[in-house]
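Participant: Residue numbers are given in my numbering: position 268 of the sequence shown equals residue 252, and the series is strictly consecutive. Heads up, the beta-carbon is just placed ideally off N, CA and C, and yes, glycines get one too. I'd like to ask you about the structure that follows.
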Amino acid sequence: MFALNDILREAVRQKASDIHLSSGNPPILRLDGLLSPMPGVLARTDVMQALKEVATTQQLEDFEGKGEIDFSFDFDGLMRFRVNAFETLEGPAMVMRLIPMSPPTLQQIGAPAVLKQMAHLRKGLVLVTGPTGSGKSTTLAAMINYINDVLPSHILTIEDPIEYIHKSRRALINQREVGRHSSSFHNALRGALREDPNVILVGEMRDLETISLALTAAETGHLVFATLHTSSAAKAVDRIIDVFSANEKALMRTMVASSLQAVVAQTLLPRAGGGRVAAFEVLVANQAVRNLIRENKIFQMESMIQLGAKHGMQGMKESIQELVSSGQVRVEDAEDLLHEIEADKNAGDDAGGRAGGLHQHHPMSGMPHR
């Protein structure tokens, strides 16, 4: 007999990151980034019963009408789960992301020290970017957790769905969920401007209106944290500007240049002792970076990051190499990603039309092999 609670408990015990329940397949856990099947095969009725056990009546109605839903729930005080349920050719399916009951600290996630400085800013836009499943929500939760410990601020979060639950300590924290407390990110963000926040967290900037409102909020005296799905800091800046029409781009470059404070790009690698560990690229918007944005020279940002260590900047390649040097990541687990970074860099150099030949370096050159 299929028992959802047993699967949830096993996922918690094995420290899985995700659970996959799909009609006609076994329950599957994602452990250290890899899929690991459990015994048995799920029938359509098993998956639907699991959904009924954790979704509200309204969420079930939305699923029946739309064929997909996002929501979150608590499990026995052990763990929270972010759920995406969706219809497939074989029947209903669910993916559940495990979220600890308490938000992490910046130290626990190995965040660069400059992130604490970002938390003390009075206004501006701080972007956290990376592929799906790279830990962006966790980093933002750690930022909010830090502010909650040290600053008497009003923090307003707009999420879809709410993941980590924050309890007000020094800060007053109000968390809103799209689809539950507001109809959209941009409507919630528009309302936020009238709700006296010091800090606004935008779970995802999905459309032009949300991006425009986030920039306005950042320019008008609010500290805005938001996420994007790009692989690097430079691509995040490009993504924001590219959503606007050609005749708006010059104005938007000026607006982004004045409001952007930092971009943190991140990815997860297998930890040598089990689990996963984050590597970070950090771009801090100093005057030179702001000038590059205004002049549409985004392709030069990689070089700016390499030269910006005194401002708290660091490259993704250097972050990964440090994880290897410290023994947290094995060489073989880092090499493929470092080759991808090198390929992206060379492609960016070509796009930027740089003069002279490219000097090719092996991405692991100078690194000790363990």
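Taking only three categories from DSSP, how would you classify His323?
Facilitator: Walking along the sequence shown from the start, residue 323 turns up at place 339. Note: His323 maps to helix in three-state DSSP.
Participant: Helix, strand or coil, according to DSSP, for Thr238 in the structure here?
Facilitator: Position 254 of the sequence shown, counted from the first residue, corresponds to residue 238. Residue state, collapsed to three classes: helix.
Participant: Nearest by alpha-carbon distance to His138: which of His104, Ala125, Lys120 and Val183 is it?
Facilitator: Along the sequence shown, read from residue 1 onward, the residue named residue 138 stands at position 154. Out of His104, Ala125, Lys120 and Val183, Val183 has the C-alpha closest to the C-alpha of His138.
Participant: Should the segment 139 to 152 be regarded as contacting the segment 270 to 290, the criterion being three or more beta carbon pairs within less than 8 Å?
Facilitator: The segment 139 to 152, when compared against the segment 270 to 290, does not touch it at the 8 Å Cβ threshold.
Participant: How would you write the range of the beta strand (DSSP E) that Ala78 sits in, first residue to last?
Facilitator: Sequence index remark: in the sequence shown, residue 78 carries index 94 (1-based). Residue 78 is actually Met in this sequence, not Ala. Its beta strand (DSSP E) spans residues Gly75 to Ile83.
Participant: Go ahead and pull the three-state DSSP assignment for Ile(-9).
Facilitator: Taking the first residue of the sequence shown as 1, we reach residue -9 at position 7. Three-state result, Ile(-9): helix.
Participant: Among residues of its own chain, excluding the 5 on either side of Gln43, which ones have a beta-carbon nearer than 8 Å to its beta-carbon?
Facilitator: Working through the sequence shown from its first residue, we reach residue 43 at position 59. Ile53 and Phe55.
Participant: Give me, in chain order, the residues of the same chain whose beta-carbon lies closer than 6 Å to that of Gly24; leave out the 5 immediate sequence neighbours on both sides.
Facilitator: In the sequence shown, the residue the question calls residue 24 occupies position 40. Contacts found: Pro10.
Participant: Distance check for His213 and Glu74, CA to CA, integer angstroms please.
Facilitator: Locating residue 74 in the sequence shown gives position 90, where the first residue counts as 1. Locating residue 213 in the sequence shown gives position 229, where the first residue counts as 1. If I take the Cα positions, the gap works out to 29 Å.
Participant: Can you give me the C-alpha to C-alpha distance between Asn280 and Arg223, rounded to a whole angstrom?
Facilitator: As a position in the sequence shown, residue 280 is number 296, starting the count at 1. As a position in the sequence shown, residue 223 is number 239, starting the count at 1. Cα to Cα, Asn280 sits roughly 13 Å from Arg223.
Participant: Taking only the alpha-carbon atoms, compute the straight-line gap between His206 and Thr194 and give it to the nearest angstrom.
Facilitator: In the sequence shown, the residue the question calls residue 206 occupies position 222. In the sequence shown, the residue the question calls residue 194 occupies position 210. In a straight line, the C-alpha of His206 is about 15 Å away from that of Thr194.
Participant: So if DSSP puts Gly108 in a beta bridge, which residue, or which two residues, is it bridged to?
Facilitator: The residue labelled residue 108 in the question sits at position 124 within the sequence shown. Bridge partners of Gly108: Leu207.
Participant: How should Met300 be labelled, buried or exposed, when 16 other C-beta atoms within 10 angstroms of its C-beta is the threshold for buried?
Facilitator: Walking along the sequence shown from the start, residue 300 turns up at place 316. Answer is buried; the Cβ neighbour count reaches 16.
Participant: Might you give, ordered along the chain, the residues of its own chain that have their beta carbon closer than 7 Å to the beta carbon of Met102, omitting 5 neighbours on each side?
Facilitator: As a position in the sequence shown, residue 102 is number 118, starting the count at 1. Answer for Met102: Val110, Gln245 and Ala246, listed in chain order.
Participant: Let me check understanding here. Comparing Cα to Cα, which of Pro181, Asp2 and Asp180 lies closest to Asp16?
Facilitator: Locating residue 16 in the sequence shown gives position 32, counting from the first residue. Taking only the C-alpha atoms, the option nearest Asp16 is Asp2.
Participant: Compare the C-alpha of Glu147 against each of Gln298, Val240 and Asp58 and name the closest.
Facilitator: Taking the sequence shown and counting its residues from 1, one reaches residue 147 at position 163. Taking only the C-alpha atoms, the option nearest Glu147 is Asp58.
Participant: Please determine if the segment 113 to 123 and the segment 224 to 244 are in contact, where contact requires at least 3 C-beta pairs separated by less than 8 Å.
Facilitator: These segments do not touch.
Participant: Do Ser7 and Pro96 have their C-beta atoms closer together than 8 Å?
Facilitator: Taking the sequence shown and counting its residues from 1, one reaches residue 7 at position 23. Taking the sequence shown and counting its residues from 1, one reaches residue 96 at position 112. Cβ atoms of Ser7 and Pro96: not closer than 8 Å.
Participant: Any chance the segment 125 to 132 sits against the segment 167 to 176, with 3 or more Cβ pairs inside 8 Å?
Facilitator: Contact between the segment 125 to 132 and the segment 167 to 176 is absent, because fewer than three Cβ pairs lie under 8 Å.
Participant: Helix, strand or coil: which one does DSSP assign to Gly340?
Facilitator: For the purposes of this step, residue 340 is identified with residue 356 of the sequence shown, where counting begins at 1. Unreliable positioning characterises Gly340 in this predicted model, as indicated by a pLDDT of 41, which lies under 50. A coordinate reading is not provided.
Participant: Compute the Euclidean distance between the alpha carbons of Gly340 and Asp180, then round it to the nearest angstrom.
Facilitator: Taking the sequence shown and counting its residues from 1, the one referred to as residue 340 is at position 356. Taking the sequence shown and counting its residues from 1, the one referred to as residue 180 is at position 196. Low confidence applies to Gly340: its pLDDT is 41, below 50, so where it sits in the model is not reliable, and the reading given next is rough at best. Near 52 Å, if we compare the C-alpha coordinates of Asp180 and Gly340.
Participant: Roughly how many angstroms separate the alpha carbons of Asp133 and Ala34, rounded to a whole number?
Facilitator: Against the sequence shown, residue 133 aligns to sequence position 149. Against the sequence shown, residue 34 aligns to sequence position 50. If you take the alpha carbons of Asp133 and Ala34, they lie about 37 Å apart.
Participant: Can you say whether Thr41 is buried or exposed, counting buried as having 16 or more other CB atoms within 10 angstroms of its CB?
Facilitator: Within the sequence shown, the letter at position 57 stands for residue 41. Thr41 should be labelled exposed.
Participant: Note down the Cα distance separating Leu185 from Val266, rounded to an integer number of angstroms.
Facilitator: Locating residue 185 in the sequence shown gives position 201, where the first residue counts as 1. Locating residue 266 in the sequence shown gives position 282, where the first residue counts as 1. About 19 Å.
Participant: Looking at the unbroken beta strand (DSSP E) that takes in Asn158, where does it start and where does it end?
Facilitator: As a working mapping, residue 158 is identified with position 174 in the sequence shown. Element bounds for Asn158: Leu156 to Glu161.
Participant: Could you pull the start and end residues of the alpha helix (DSSP H) that Phe169 belongs to?
Facilitator: Locating residue 169 in the sequence shown gives position 185, where the first residue counts as 1. First-last of the alpha helix (DSSP H) with Phe169: Phe169 to Ala176.
Participant: Which same chain residues end up closer than 6 Å to Leu252 when comparing Cβ atoms and leaving out the 5 residues on each side of it in sequence?
Facilitator: Residue 252 sits at position 268 when you count from the first residue of the sequence shown. Same-chain partners within the cutoff: Ser118, Gly119, Arg260 and Ala262.
Participant: If you compare alpha carbons, which of Asp317, Ala220 and Leu(-8) is closest to Gly258?
Facilitator: The sequence position of residue 258 within the sequence shown is 274, counting from 1. Closest by alpha carbon: Asp317.
Participant: Would you grab the beta carbon distance between Ile12 and Leu18 for me? Rounded to a whole angstrom, and I think it's under 8 Å.
Facilitator: Within the sequence shown, numbered from 1, the residue matching residue 12 stands at position 28. Within the sequence shown, numbered from 1, the residue matching residue 18 stands at position 34. Not quite, the Cβ-Cβ distance comes to about 10 Å (not below 8 Å), so this is no contact.
Participant: Considering only DSSP beta bridges, list what Thr89 is partnered with.
Facilitator: Numbered from its first residue, the sequence shown carries residue 89 at position 105. DSSP lists no partner for Thr89.
Participant: If you check the beta carbons only, do Leu199 and Val240 fall under 8 Å apart?
Facilitator: As a working note, residue 199 is residue 215 in the sequence shown. As a working note, residue 240 is residue 256 in the sequence shown. Contact flag set, yes.
Participant: Judging by CA-CA distance, which residue of Ile277, Val308 and Phe264 is the nearest neighbour of Ile319?
Facilitator: Numbered from its first residue, the sequence shown carries residue 319 at position 335. A small correction: the amino acid at residue 319 is Glu; Ile does not occupy that position in the sequence shown. Cα-wise, what sits closest to Glu319 is Val308.
Participant: Skipping 5 residues on each side, what residues in its chain have a beta carbon closer than 7 Å to that of Leu5?
Facilitator: Looking up residue 5 in the sequence shown gives position 21. Once the five neighbours on either side are set aside, the close Cβ partners of Leu5 are Pro11, Leu26, Val31, Ala34, Ala77 and Met78.
Participant: Measure the alpha-carbon distance for Glu143 versus Ile289 and round it to whole angstroms.
Facilitator: Mapped onto the sequence shown, residue 143 falls at position 159. Mapped onto the sequence shown, residue 289 falls at position 305. Taking the straight line joining both Cα atoms gives about 30 Å.
Participant: The alpha helix (DSSP H) with Ser6 in it runs from where to where?
Facilitator: Counted from its first residue, the sequence shown places residue 6 at position 22. Premise fails: Ser6 lies in the beta strand (DSSP E), Asp2 to Ser6, not in any alpha helix (DSSP H).
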